[in-house]
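Colleague: The sequence shown begins at 43 in this note's numbering and counts up one residue at a time.
Each residue gets a CB set at the ideal place from its N, CA and C atoms; glycine is no exception.
Keep in mind it's a predicted model, so treat the numbers as computed, not measured.
Quick one: structure below, then a few questions.
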Amino acid sequence: MKKAALVFLMFALTLAAACAPVYESRVDYAMGAEVTQKIWGAGEDCAKEALAAILALEEDVSYRKNGAVALLNSGKTVNGGDAYGIIVKSVELWRDTGGAYDITVLPLVRAWGFDTDSPRLPGESEIASALSLTGSENVVFGPDGVYLANGAQIDLSAAGKGAACQKAVETYKAYGASGGVVTVGGSVGVFGTKNGKNFRIAVRSPFDPADAIAVLTLTDTYVSTSGSYEKRFFADGAEYHHLLDPSTGYPVHNGLISVTVVCGDGALSDMLSSACFCMGMEKSLPLLEKYSASALFVREDGAVFVTKELAPYVECESYEVLP
43 MKKAALVFLM FALTLAAACA PVYESRVDYA MGAEVTQKIW GAGEDCAKEA LAAILALEED
103 VSYRKNGAVA LLNSGKTVNG GDAYGIIVKS VELWRDTGGA YDITVLPLVR AWGFDTDSPR
163 LPGESEIASA LSLTGSENVV FGPDGVYLAN GAQIDLSAAG KGAACQKAVE TYKAYGASGG
223 VVTVGGSVGV FGTKNGKNFR IAVRSPFDPA DAIAVLTLTD TYVSTSGSYE KRFFADGAEY
283 HHLLDPSTGY PVHNGLISVT VVCGDGALSD MLSSACFCMG MEKSLPLLEK YSASALFVRE
343 DGAVFVTKEL APYVECESYE VLP
């Protein structure tokens, strides 16, 4: 009798293990940021393949690697691939923003030292020299592909993390996962559900990195945040941050401290968060509408503003809905 009971118990435990939902969670590092994955309905192989897709994308879009962007910056022509697709979107957004979003800012980034661990305040002549190389009119599409003219150099950092999230989500779907959330730096991708419920995404407080200023409940979309608090330094009694205005060469100062954009395209969510930060809240609204995106703006005084499309999905202590 005891033997029969033991066999039954072992069978029951085996059956319970077989019926338990598959779940995978892991943390890695890519694109200069922490990559976190949580997947429901798919296992370790799915997470590994998603990471491999992110690393392959990084190779293609990083100016520090040996992929398409590095080739372009060395004077070569590129046709096709992930970087090419992002460049096409970037030039379109450059036109739509009147130049507020510009991927040819790499000379400015280098002048400020934001490509290093030791940023610095450049001289006016250095900024002027970098500005002379800036402008996406120098991103030229020809019969053989895209190339850069007049010494232009591109930086796709403002698109890469959002694009990486989309690569991961596409992998989750291919594996038949029921839901997943991936975070790459300031970008998040969500797909499906967690135990039948949409995902709760915390928007980091610009004033306290351990706190959230808002929570968004969403699924099947991408969320990216650009904030002046991420990379900054002090010089001559003033604060400088990494979100540069392509028209002046200096950090943007318009009263905003962070912009979070929700969009159905990963790269665009990332790109639009940078563009909207540079343009300011009011000028961003028509742009967001054109790209079927929504946003949450945080001002330096702590006031929070949310576009009306996003408002039903926002939890926040106090916010104003934009018209």
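1) Would the beta-carbon of R202 fall within 8 angstroms of that of M73?
2) Can you give the beta carbon distance from T78 to V69, rounded, assuming they're within the 8 angstroms contact cut?
3) Of the choices G141, G234, S300 and G291, whose alpha-carbon is the least far from that of D250?
4) Could you give the DSSP three-state label for V211: helix, strand or coil?
5) Take the Cβ of P328 as the centre, count every other Cβ of all protein chains shown within 10 Å, and call the residue buried at 16 or more, exposed below.
6) For F339, which option in V303, T259, F183 and D144 has the closest C-alpha, if you only look at C-alpha atoms?
7) Excluding five sequence neighbours on each side, which residues of the same chain lie with their C-beta closer than 8 angstroms to the C-beta of N121?
8) Any idea what DSSP makes of K203, helix, strand or coil?
9) Of the choices G222, S174, E166 and G193, whose alpha-carbon is the least far from that of E86?
10) Would R246 and T267 be called neighbours here (beta carbons separated by less than 8 angstroms)?
11) Taking Cβ positions, are Y214 and C88 nearer each other than 8 angstroms?
12) Shortest alpha-carbon distance to E100 belongs to which of K239, L198 and T349?
13) How should G308 be labelled, buried or exposed, when 16 other C-beta atoms within 10 angstroms of its C-beta is the threshold for buried?
14) Using 8 angstroms as the cut-off, can you tell me whether the segment 229 to 236 makes contact with the segment 203 to 210, which would need three or more C-beta pairs spanning the two stretches below that distance?
15) Span of the alpha helix (DSSP H) holding L135?
16) Using the Cβ count rule (16 or more neighbours within 10 Å means buried), how would you classify V147?
17) For the beta strand (DSSP E) that contains E281, what are its first and last residues?
18) Starting from R274, trace the beta strand (DSSP E) in both directions and tell me its first and last residue.
19) Measure the alpha-carbon distance for Y271 versus V130 and round it to whole angstroms.
20) Less than 8 angstroms between the CB atoms is what I'm expecting for Y292 and L314, so what's the real figure, rounded?
21) Compare the beta carbon distance of V224 and E357 with 8 angstroms and say whether it is the shorter of the two.
22) Which residues bound the beta strand (DSSP E) around E362?
23) Around the C-beta of S104, are 16 or more other C-beta atoms found within 10 angstroms, so that it is buried, or is it exposed?
24) Identify whether L163 lies in helix, strand or coil by the three-state DSSP scheme.
25) Do the CB positions of A353 and V346 come within less than 8 angstroms of each other?
26) Terminal residues of the continuous beta strand (DSSP E) containing I243?
27) If D144 sits next to S178, beta carbons under 8 angstroms apart, how far is it from one beta carbon to the other, in whole angstroms?
28) Should A142 and P288 be called a contact, given that it needs their Cβ atoms to be closer than 8 angstroms?
29) Using DSSP with H/G/I as helix, E/B as strand and the rest coil, what is A252?
30) The beta strand (DSSP E) with F339 in it runs from where to where?
31) Would you report the Cα separation of E66 and E91, rounded to the nearest angstrom?
32) Looking at the secondary structure, which residues open and close the alpha helix (DSSP H) in which L97 lies?
Modeller: Quick answer:
1) Locating residue 202 in the sequence shown gives position 160, counting from the first residue. Locating residue 73 in the sequence shown gives position 31, counting from the first residue. A small fix is needed here, since residue 202 is Gly in this sequence, not Arg. For G202 and M73, yes; Cβs fall inside 8 angstroms.
2) As a working note, residue 78 is residue 36 in the sequence shown. As a working note, residue 69 is residue 27 in the sequence shown. With 8 angstroms as the limit, T78 and V69 qualify as a contact, their Cβ atoms being about 5 angstroms apart.
3) By one-based count along the sequence shown, residue 250 stands at place 208. Minimum Cα distance to D250 is reached at S300.
4) Walking along the sequence shown from the start, residue 211 turns up at place 169. V211: helix per DSSP, three-state reduction.
5) Here residue 328 refers to the residue found at position 286 when the sequence shown is read from its first residue. Exposed, because fewer than 16 other Cβ atoms sit within 10 Å of the Cβ of P328.
6) Numbered from 1 along the sequence shown, position 297 holds the residue referred to as residue 339. Closest by alpha carbon: V303.
7) Here the question's residue 121 lines up with position 79 in the sequence shown. So the qualifying residues of the chain are D186, G187 and V188.
8) Translated into the one-based positions of the sequence shown, residue 203 becomes position 161. Residue state, collapsed to three classes: helix.
9) Within the sequence shown, residue 86 is the residue found at index 44, counting from 1. Of the candidates G222, S174, E166 and G193, the one whose C-alpha sits nearest the C-alpha of E86 is G222.
10) Along the sequence shown, one-based indexing puts residue 246 at 204. Along the sequence shown, one-based indexing puts residue 267 at 225. It is a contact, given that the beta carbons lie within the stated cut-off.
11) On the sequence shown, residue 214 is found 172 positions in, with the first residue counted as 1. On the sequence shown, residue 88 is found 46 positions in, with the first residue counted as 1. Result yes, Cβ atoms of Y214 and C88 sit closer than 8 angstroms.
12) Numbered from 1 along the sequence shown, position 58 holds the residue referred to as residue 100. The option with the nearest alpha carbon to E100 is L198.
13) The residue you call residue 308 lines up with position 266 of the sequence shown. So G308 ends up on the buried side.
14) yes
15) If you number the sequence shown from 1, residue 135 lands on position 93. Its alpha helix (DSSP H) spans residues D124 to D138.
16) Sequence index remark: in the sequence shown, residue 147 carries index 105 (1-based). Buried: at least 16 other Cβ atoms inside 10 Å.
17) On the sequence shown, residue 281 is found 239 positions in, with the first residue counted as 1. Element bounds for E281: A280 to H283.
18) Position 232 of the sequence shown, counted from the first residue, corresponds to residue 274. Run containing R274: R274 to A277, per the beta strand (DSSP E) assignment.
19) Here residue 271 refers to the residue found at position 229 when the sequence shown is read from its first residue. Here residue 130 refers to the residue found at position 88 when the sequence shown is read from its first residue. Cα to Cα, the separation comes out at about 29 angstroms.
20) Indexing the sequence shown from 1 puts residue 292 at position 250. Indexing the sequence shown from 1 puts residue 314 at position 272. Going by Cβ atoms, the distance from Y292 to L314 rounds to 22 angstroms, so no, they are not a contact pair.
21) The count along the sequence shown starts at 1 and reaches residue 224 at position 182. The count along the sequence shown starts at 1 and reaches residue 357 at position 315. No, they are not a contact pair.
22) Against the sequence shown, residue 362 aligns to sequence position 320. From DSSP, the beta strand (DSSP E) with E362 extends over E362 to L364.
23) Position 62 of the sequence shown, counted from the start, is the residue given in the question as residue 104. So S104 ends up on the buried side.
24) Along the sequence shown, read from residue 1 onward, the residue named residue 163 stands at position 121. L163 falls in the coil class under three-state DSSP.
25) Taking the sequence shown and counting its residues from 1, the one referred to as residue 353 is at position 311. Taking the sequence shown and counting its residues from 1, the one referred to as residue 346 is at position 304. No, the pair does not count as a contact, with Cβ atoms beyond the cut-off.
26) Here the question's residue 243 lines up with position 201 in the sequence shown. First-last of the beta strand (DSSP E) with I243: F241 to R246.
27) Within the sequence shown, residue 144 is the residue found at index 102, counting from 1. Within the sequence shown, residue 178 is the residue found at index 136, counting from 1. The pair is a contact, with the Cβ atoms about 5 angstroms apart (cut-off 8 angstroms).
28) Mapped onto the sequence shown, residue 142 falls at position 100. Mapped onto the sequence shown, residue 288 falls at position 246. Yes, Cβ-Cβ distance for A142 and P288 is below 8 angstroms.
29) In the sequence shown, the residue the question calls residue 252 occupies position 210. Coil.
30) Numbered from 1 along the sequence shown, position 297 holds the residue referred to as residue 339. First-last of the beta strand (DSSP E) with F339: S336 to R341.
31) Residue 66 sits at position 24 when you count from the first residue of the sequence shown. Residue 91 sits at position 49 when you count from the first residue of the sequence shown. Approximately 13 angstroms between the Cα atoms of the pair.
32) On the sequence shown, position 55 is the one that residue 97 refers to. Looking at the DSSP string, the run of the alpha helix (DSSP H) that includes L97 is E86 to V103.
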